[in-house]
Each structure stands twice: as C-alpha cells, then as structure tokens.
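Numbering (our numbering), first residue to last: 92 to 279.
Have a look at the structure below before the remarks.
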Ligand SMILES: [Zn+2]
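Right, here's the structure in full:
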C-alpha cells in the first residue's frame, strides 16, 4: 500500500512537471493531481523560475466560438478525440499529446501563433465533459467544429469556409507588412 502511494506520487509529480512545462495554470494541476497546493507552488517555481499567476480561470464558452480561437480549438479537439477513440489514450495523456501535436502544427505555419494555451485546451475538454459544447459539422467542408451545446447547426458553416470580413483585412494587413519588410530588406 505504501509502495503504491509512492508510485502514484511520482506519477503525479511527473504529470505536474509536464503540465507546468506546457504552460498549465495552478488550477489545472490542483484538479488533475493529488499533490498539495503548497507542493505544486514549489514545483511550479522550480520548473518555471517564477511564482504561478494568481486568480481563478476566467474562461467562458464564448471564447471558443470566436473566429480564430474556434479554428484552433477545433483543430485541438479533433486531435484529442481521435487519440481517445482510435488510440485509446487516457484522458490526460490525450490532452497532453493533442496539445503537443496542435502546437507543432501551428508552429510550422508561417506567422503561426498558438492562440490556444494548454490551460484553455484543458478547459475546453472540461466544457465538453459537462455537455456545454458540441461539435457541429460544416456544410461546406464537412469539418467538425466546436460549438455551443444545443446549437441549431443544420446549416452550419465554419470560420474557415466563411471567414468574417475583418479576418480578410487582418490577412491583407499582414501581407502588406510582409511585402514592406521584404522591400526594406532589399533596399536596406
Ligand atoms: Zn468549413
């Protein structure tokens, strides 16, 4: 019995370290491990070199529905689901693996920025677990996207197929900035 609890403790510490390295907030660690708050704070300081940020997680389901976060959240959640269903990963293993895969994919894109942090990704899984979210299938590309639970989605079109007009503006502005910096590099 004593040996088993030592093994559990080691497992919890390994999990906590991995989560802290990926950017998890204290609340994630407190929920997912049996380690005391004091030990988690010490561990956090040791891994990151700073104290964990204070306060509760402010996330609501709405954030996951806004345009760019929705595309990132949907990418992450589809990977998470396939790890759970096809690879039979357990929950935390799937969250960590899916997050790493998501992060890798985004890092390979030009101007790629991981809009979805690990804590938010974990929150999203919890929202699905408490039936606050559903996946809606896009009528145009057949991709599955994160949506509020009980949304009427028979004519749902995703944010990639139908980006808001400001998304185009942002893209054009980014393109202009890129061309400008290239010109400056040539002339400079
Ligand atoms: Zn679509």
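Positions of the beta carbon are idealized from the N, C-alpha and C atoms, including for glycine.
Quick caveat, the model's predicted, so the values are computed rather than measured.
(request) Could you say if the stretch 144-156 and the stretch 209-224 meet the contact criterion of at least three C-beta pairs nearer than 8 Å? (result) yes
(request) Determine the contact status of residue 115 and residue 243, defining contact as a CB-CB distance below 8 Å. (result) The answer is no: Cβ separation not under 8 Å.
(message) At a cut-off of 7 Å, would you count residue 248 as near ligand 1, judging by its Cβ distance to the nearest heavy atom?
(response) Residue 248 has its CB nearer than 7 Å to a heavy atom of ligand 1.
(request) Please look up how many angstroms separate the CB atoms of residue 131 and residue 120, rounded, as I've assumed it's under 8 Å. (result) That pair is a contact at about 5 Å.
(request) Go through its chain and collect everything with a Cβ distance to residue 235's Cβ below 8 Å, but skip five positions before and after it. (result) 165, 169, 226, 227, 228, 229
(message) Given the structure, does residue 156 come close to ligand 1, in the sense that its CB is under 7 Å from one of the ligand's heavy atoms?
(response) no
(message) Using 8 Å for Cβ pairs, my map puts residue 135 next to residue 167. What's the rounded Cβ distance?
(response) The Cβ separation is near 23 Å, so there is no contact.
(request) Assign residue 312 to one of two classes, buried (16 or more other C-beta atoms within 10 Å of its C-beta) or exposed (fewer than that). (result) Absent from the structure is residue 312, since the part of the chain shown begins at 92 and ends at 279.
(message) Per the DSSP calculation, residue 227 is bridged to which residue(s)?
(response) Its beta-bridge partners are 236.
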